[in-house]
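Each residue of the sequence shown is one higher than the one before, counting from 0 in numbering that gives the first Met the number 0. Just so you know, even glycine gets a beta-carbon here, dropped at the ideal spot from N, CA and C. All values reported here derive from a predicted model rather than from experimental measurement. These notes concern the structure reproduced below.
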Amino acid sequence: MVININRRTFLAYTAAIAGAASSPTRSEEANTRTRLILLGTGGGPRPRKANAPSAQVIVANGAAYVIDCGNGVARQLAFAGVPLATLRHVFITHHHSDHNADYGNLIWLAWAAGLKARIDTWGPPPLKKMTQLFFEMNAYDINTRIADEGRVPLVPLVHVHELTHGGMVMQDENVKVTAALVNHPPVVPAFAYRFDTANRSIVISGDTTPSDNLVGLAQGADVLVHEALHVQGIDRLVAGVPNAATLKKSIMSHHTTAEDAGRVAQRAGVKLLVLSHLVPADDPAISDQMWIDAARLHFSGPVIVGKDLLEI
Ligand SMILES: [Zn+2]
Ligand SMILES: [Zn+2]
0 MVININRRTF LAYTAAIAGA ASSPTRSEEA NTRTRLILLG TGGGPRPRKA
50 NAPSAQVIVA NGAAYVIDCG NGVARQLAFA GVPLATLRHV FITHHHSDHN
100 ADYGNLIWLA WAAGLKARID TWGPPPLKKM TQLFFEMNAY DINTRIADEG
150 RVPLVPLVHV HELTHGGMVM QDENVKVTAA LVNHPPVVPA FAYRFDTANR
200 SIVISGDTTP SDNLVGLAQG ADVLVHEALH VQGIDRLVAG VPNAATLKKS
250 IMSHHTTAED AGRVAQRAGV KLLVLSHLVP ADDPAISDQM WIDAARLHFS
300 GPVIVGKDLL EI
């Protein structure tokens, strides 16, 4: 319930600073404005109380575009009040399980929740094979529901597109999507995505070290959701594991510190930086203010620390 209070408080705050409540014009804008909702803001696949793994949804003209499918993404959409039947496009940044564990589940459960429209999915190889094998694995349920509940066949609804290069991904009546290759060894390729709608530009970094390609992709964007790690928390994070030194080296060499996320945001000239994919994801010793202070060392604009179900 803390989450709901946070979200309400935040919405009230944004409405207040935008003057939305007092201006019919602004209010109309708010109704049609492209929505960004953080569904999962913690880094890493370990299930946690504090937050879910990576997922975001952008809602433009009632159509849902989901970016990354960490565990629980379908339920997080339910919590966010975004009907699963409005799902139209799914984008995977890279194939780590904190970003794709529920890729198939999201589509399958959206279908079980009433989805009848075409879905397009986008991401690195082997997305086609993963999709095909997922449907094979779950053919018993899918076929049973088609026969028993009169549902439309699921497999023909899903169109998979494998991406290997940056550049234009897709465009429809709501949004233009562009991708950039980012640096997240040893996972290749890994992508960041930019969404340009009639009234907003939103960039999702995916997992990456500080990336010039991302700086280019995010130029002038309204919102940059950037992954972030907090150096002070890493030692405590790895302290309990037998391979602590190797794990720390791995984390530090594949990701971006909050300080560097601020540098990227400043170089890209974005209007708002949102820190997400937080590592450590649930260390009470790292306060929101500590995250913000780290990013603000190099970024002069506003910084928000990502929370699950926060609408931005
Ligand atoms: Zn990750
Ligand atoms: Zn990753």
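I'd like to confirm something about residue i: is its beta-carbon nearer than 8 angstroms to some heavy atom of ligand 1, or not?
i, result
"E258", "no"
"D206", "yes"
"S299", "no"
"G42", "yes"
"H276", "yes"
"P184", "no"
"P52", "yes"
"E226", "yes"
According to the neighbour-count rule (16 or more other Cβ atoms, all chains shown, within 10 Å of its Cβ), is residue i buried or exposed?
i, result
"K306", "buried"
"P125", "exposed"
"Y64", "buried"
"Q170", "exposed"
"E148", "exposed"
"P155", "exposed"
"L114", "buried"
"V237", "buried"
"N242", "exposed"
"T245", "exposed"
"H254", "buried"
"G41", "buried"
"S200", "buried"
"R193", "buried"
"S252", "exposed"
"P279", "buried"
"P188", "buried"
"S299", "exposed"
"A293", "buried"
"A100", "buried"
"Y139", "exposed"
"L308", "buried"
"V58", "buried"
"T143", "exposed"
"S22", "Legend: pLDDT at S22 = 46, less than 50; position of this residue unreliable, no value from coordinates given."
"V222", "buried"
"L162", "buried"
"T196", "buried"
"A264", "buried"
Flag residue i as yes when its Cβ comes closer than 8 angstroms to any non-hydrogen atom of ligand 2, and as no otherwise.
i, result
"D97", "yes"
"H229", "no"
"A59", "no"
"A112", "no"
"H93", "yes"
"A179", "no"
"A189", "yes"
"H160", "no"
"H253", "yes"
Hey, quick one: how far does the alpha helix (DSSP H) through residue i stretch, first residue to last?
i, result
"E258", "A257 to A267"
"D119", "Note, D119: premise wrong, no alpha helix (DSSP H); beta strand (DSSP E) at I118 to G122."
"L277", "Not the alpha helix (DSSP H): L277 falls in the beta strand (DSSP E), residues L272 to V278."
"I285", "First-last for I285: undefined, no H or E at that position."
"R144", "A138 to E148"
"L308", "Here L308 belongs to no alpha helix (DSSP H), and DSSP marks it neither H nor E."
"G103", "Y102 to A111"
"I247", "Looking at the sequence provided, one finds Lys at residue 247 rather than Ile. Segment A243 to H253, the alpha helix (DSSP H) holding K247."
"G232", "V230 to V237"
"S96", "S96 to N99"
Assuming residue i and residue j make a contact with CB atoms under 8 angstroms, what is their CB distance in whole Å?
i, j, result
"G69", "A51", "6 angstroms"
"A62", "R87", "5 angstroms"
"V72", "A54", "4 angstroms"
"L228", "T207", "Not confirmed; about 12 angstroms, so no contact."
"W121", "H160", "5 angstroms"
"T331", "A179", "Residue 331 cannot be examined here, being either before or after the span of the chain that is shown, 0 to 311."
"I66", "E310", "Contact doesn't hold; Cβ gap of about 15 angstroms is too wide."
"I285", "Q231", "7 angstroms"
"L108", "Q75", "The Cβ separation is near 12 angstroms, so there is no contact."
"L272", "H225", "6 angstroms"
"H297", "V186", "No, H297 and V186 are not in contact; Cβ-Cβ is about 26 angstroms, not under 8 angstroms."
"F134", "I141", "7 angstroms"
Check for me: the beta strand (DSSP E) holding residue i runs from which residue to which?
i, result
"R34", "R34 to G39"
Say the cut is 8 angstroms; is the CB of residue i nearer than that to a heavy atom of ligand 4?
i, result
"A243", "Among the ligands in the structure shown, ligand 4 does not appear; only ligand 1 and ligand 2 can be found there."
**Request:** Only counting runs of 4 or more residues, tell me where the alpha helix (DSSP H) segments fall wholly within the stretch 157-222, in order along the chain.
**Result:** 211-216
**Request:** Kindly provide the ranges of any beta strand (DSSP E) runs that are 3 or more residues long and lie completely inside the stretch 47-94, ordered along the chain.
**Result:** 54-59, 62-66 and 86-90
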